Each structure stands twice: as structure tokens, then as C-alpha cells.
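Protein chains in written order, with the working numbering: chain A, 48 to 364; chain B, 324 to 608.
In C-alpha cells, the structure reads:
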């Protein structure tokens, strides 16, 4: 099963589902032949794509819309906020090549404020699967929910056997006493590697796959913060508005504090290139992440010598 | 159109204009923009659209989307006259205990979708028209835009997409009152030749006098103008139509009149003789 097969199966079983795209067909090339008029391509018109999706949703449809994450969340932001958000319509946004996944495209294509923007819309739900299997486990519930939803599409292969998904529940992969990494989306695989490298250095490191960023799993965040170790927020997003901010909001709300290490893009766009180059340059490979955490824990980062091999991204757009 | 029908619509439009004038105080409203499309809305709801207060949710009803949301006094005035809402509800204008404010919203029965931000409902209407076609329904989807609203790029996106999808069940109506917020459209962002613009984009076009019920009937009665193209009806109108003292004036978009001026303007609606307004405090929003 892949993304296209899941959406095809879902659409064939439920004629409310409409597949829409602003000419981003990378994951859905075979659907026009299967869905006929229930596949709607509006061309390179993100605003009209979202407005039309709102109109279809108004009539009881469940539009799943596809376009590049930056253009959807930035160019069409007001349409998402004003038509989908104020209307509280079940438009499902499949946002393509978010975060580091736009690798070689350059800053015009870097959706690294999308979580901040989308979670700022009342009623919007926000999701970031760790890999393809995680995404396939998550999408049926996201599409079945009556809420508008934003999904950071992630088709990368993964080996981790994910737990069953529930909206608003994080997946606790491991608990640890020295540090816990909170992560979402494609950096999950690097977080797994970083954890192994740190454990090999004798550190006890937890790992949480957030899965849902809104409504966030507050209990999971509080549990990690109260465990007493270093809390690491790891994200391919601006440091402002994403998971680091979410954690801060949850801690403040509960009158708590914690020792937090944010690993994010702080006031900068990232250097474009092949994904392996990007992660290496920006310090987001498993090895780099492990070293940054080791340093914060007072251990010797140079002791972590295993360089991380990164599987390249398969999509240009 | 029979003379009786014509007189009936004319009388109805006069009552709607009275509502608009009464809403133009205690905070005011977009009077000029509302008066320009009052005849259009009255014609559509009273005579053309397959919709009534009793069939608001009927699946085969027609859909009207008011994209130039700031002319909502004309819509609510029409709704009040045709039984969509009690007339008394208009007294709740700008009161926090109701939802009668400067732009339409779905707390008012008959409003299909909220608007206010220009350039949105052409695309929302497009989605509804696509859905109706998918369902094999023959109902119409009509979106009313302002002419200033045509500055928005999103409108032209939708114009391209509707033509590409050959959406003959989709109609755009332009309230061509020749003004945008502060000035004449042709002095800021010229739109003419407007009909040929739409034709060049693959639309079937008619241009009429938007205050003439016979012309409205002839144009809307001919829909769809093409089986393979969306239709646009450009309605030439006059900003502030019905109040000679404010007609076609750039500074009479948003008006907040005194109580005495409201009385004076209600008389002016009937006499059609311009009066001198004492108010100099015009607000442009």
C-alpha cells in the first residue's frame, strides 16, 4: 500500500472524497483514470484550489487537496484561514515536500513556517507523519474526521514498526532519564539514529514521535518535561512557532519549566542541496543531532564518530 | 416582463432601499455599494432563483454567493422583505447579540457562505458548481462580484479555471458601478474593455443595465449563454442608485448618516429630488 493506493481505495469506497491538485501530481498520477471527474486539477492556482475545495466541502464533499507546502500555506493562506477555517470545513490538505523535503529547490520552496501558520487557524488540525507507514496509519482517521486538516506528506521509507494511531496522541518510542527527543515528520529517522548513538555512549535517551501537532498530546509533553532530563525539540521548521513554541506554551500553561534544547532553523532558511547535503550542512543528521545533545549533556561530542548515511529524497517537486 | 411584475419588483426594490438607508446610521454601512446592486438582488431572489425561505437546504436549489460582501444591506433588506428573516432583525445591526454586521455570514438564513475579503467566492462558487455538475444537478451557481473586486488576482485564477472546466452551470455577475472604494475604477485600475476581457478568457458575456428589470430578465433568462462556457453578466449600475444626492460619488461608499439625514433620505428615495446633506463626516473604510 502507498499513498496513491490508499487514497484510491478510500475514494472508491466513499464518493464524498474528491482528489484535487494545483498541478502537483507526483503522488497521484494514476488517479485521473480511476476517479474521472472526482479528480480535479485547477492548474497552478493555489487560491482557487482552496476556495473550490471549500465550495465542494460546503456541499458535503471531503476534498483532499495537493500542492507544494509553501505555496499552499503561504500563497493560499488567507483562503485556508478565511474559507476553510472560518467555515470549519473538512478540507484535507496534503502538503507536499514540507520542511527539508524540498531539499534542492531553494528558499522559495522551503515550508518551514507551515506548522506555525496552520496551527494558528482555529479548528485546524495539524499532522506530521514520521514516514510512509506512519502516514498510511494516520490518514484514514484524518480524512474521516469532521475537522479541517493539514498533513505534512512524508513518503519516505521507514523501518520502525509504528503503534496504532490516534488523533492527538503521540507515539512514545522510548523513555530515557538523560534526555528525550521530541520530533515530528521526516527527522524521525535521524532522531532514531541519534538515540542509538547516544545510548552507545551510555546515555539513557527517550524518543517521542509527535504525529499530531494540533491538538497536541499535552500529557505526553508534560510527562517528558517532568521526567527531569533534557528535553530536545527536533524539527525541520523555524524555531519560532513550531514544536519548541508548542512545548513552551504547554509548559507555561501548566506553570512548569524544563531544560530544553531546541534543534530547529533559527531565523534562517536552509542551504539548498541534496537531502544528505542539507542535513549534513545544517547539522541535522543523526550524528550531528547526537553530538549536539551530548554537548548539552556535558559529554564529549567528538566521541560520536559514526557518520550518518542519509537516504536521498525521491521527489523534486 | 408584465407591467404588473415590473411594478411589483420596483416597489420591492424601493422597500429594500429604505432598509439600506435605515442601516446607514448608528455606525453606518456601505450605502453606495449596496444601492448599486439592490435591483439585481431583488430581481434574483424575487423572480429568478430557485430558492425560497422554505427551500434553503433543498439539494436542487440555486446558489447565490455574494462575493462583494460589503453590500450586505441590500441582501439583508431583500431577505427581510421576502421572509428569510424577520424585518425586526435588521434593528440588530452592529449589535453583539446578533450577527448582522458589515459582511454576510451564515448565521443569517439564506447566506450560502461568509464573505468580506474580496476575490474569495468566485472560487468557492466554482467548487459548488463542480459539485452540482458531478451530481448531475441542473441548478445554477451565481457569484456576484464588485468591479473593484476584479483587481484581485484570485478572481482571474477562477475565471481561467472555470473556462478550462467548461463550467456552463457557473455564472459570474459583475456589479459594474464604476467605483472602487475611494475613486472611479477607470482612474485607478481601468477595467475596460471588460466584456472583451472575459471573452478572451473563454467566457460567454452579456452586458446590461443592472437597474432595468426587463434587461435583467432577458439576460438571466437566457442562461446559460453557452453549453461549453461559463457565463458572465456585466451589470452597469450606479453607485448610490436611488438617492440622487449621493449617486455616483466617490466619497459615498461608506455612509454613517445622522437620524435627521436618514429621515431626509427616506423622503429623497420617494421624491427622487436631491437634498443637501448636513453631514460632512463621511467615513471611508
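Glycine included, C-beta positions come from ideal geometry on N, C-alpha and C. Keep in mind that this is a model prediction, so the values were computed, not measured.
- Inter-segment contact for the stretch 439–453 of chain B and the stretch 93–112 of chain A is present: three or more beta-carbon pairs are separated by less than 8 Å.
- Residue contact with chain A for residue 457(B): present (Cβ-Cβ distance below 9 Å to some residue of chain A).
- Taking a Cβ-Cβ threshold of 9 Å, the residues of chain B close to residue 90(A) are 480, 483, 484, 487, in chain order.
- In the assembly as shown, residue 261(A) is a buried residue. Its beta-carbon has 16 or more other beta-carbons within 10 Å.
- With three or more CB-CB distances shorter than 8 Å, the stretch 420–440 of chain B counts as touching the stretch 379–394 of chain B.
- Inclusion of residue 176(A) and residue 163(A) in the CB contact set at 9 Å is not warranted, their separation being larger than that value.
- Considered as a whole, the stretch 461–500 of chain B harbours 476–487 as its complete alpha helix (DSSP H) runs of no fewer than 4 residues, in chain order.
- Taken through DSSP and simplified to helix, strand or coil, residue 393(B) comes out as helix.
- Membership of residue 455(B) in the alpha helix (DSSP H) is indicated by the continuous run 444–457.
- Residue contact with chain B for residue 199(A): absent (no Cβ-Cβ distance below 9 Å to any residue of chain B).
- Inclusion of residue 335(A) and residue 146(A) in the CB contact set at 9 Å is not warranted, their separation being larger than that value.
- Membership of residue 573(B) in any beta strand (DSSP E) is not indicated, and neither H nor E is assigned to it by DSSP.
- Using beta-carbon distances, residue 101(A) counts as an interface residue toward chain B, with a partner under 9 Å.
- For residue 261(A), the uninterrupted beta strand (DSSP E) segment begins and ends at 259–261.
- Under the 10 Å beta carbon count, residue 417(B) is surrounded by fewer than 16 other beta carbons and is classified as exposed.
- CA-to-CA, the gap between residue 504(B) and residue 348(B) works out to about 19 Å.
- Distance from the Cα of residue 50(A) is smallest, within the candidate group 196(A), 340(A), 187(A), for 187(A).
- Sorting 507(B), 553(B), 543(B) by C-alpha distance to the C-alpha of residue 522(B) places 553(B) at the top.
- Contacts between residue 380(B) and chain A, judged by CB atoms closer than 7 Å, are missing: the closest CB pair is about 11 Å apart.
- Note on geometry: alpha-carbon atoms of residue 574(B) and residue 506(B) lie some 8 Å from one another.
- Contacts between residue 453(B) and chain A, judged by CB atoms closer than 7 Å, involve 87, 99, 103 in chain order.
- When the alpha-carbon of residue 396(B) is set against those of 559(B), 376(B), 338(B), the nearest one is in 338(B).
- When the Cα atoms are used, residue 238(A) and residue 348(A) turn out to be separated by approximately 16 Å.
- Annotated as proximal: residue 97(A) and residue 126(A), with beta-carbon spacing under 9 Å.
- Residues of the stretch 336–357 of chain A with a C-beta less than 8 Å from any C-beta of chain B: none at all.
- Residue 94(A) reaches chain B at 446, 477, 480, counting residues in chain order whose Cβ is nearer than 7 Å.
- With fewer than 16 other Cβ atoms inside 10 Å of its own Cβ, residue 420(B) counts as exposed.
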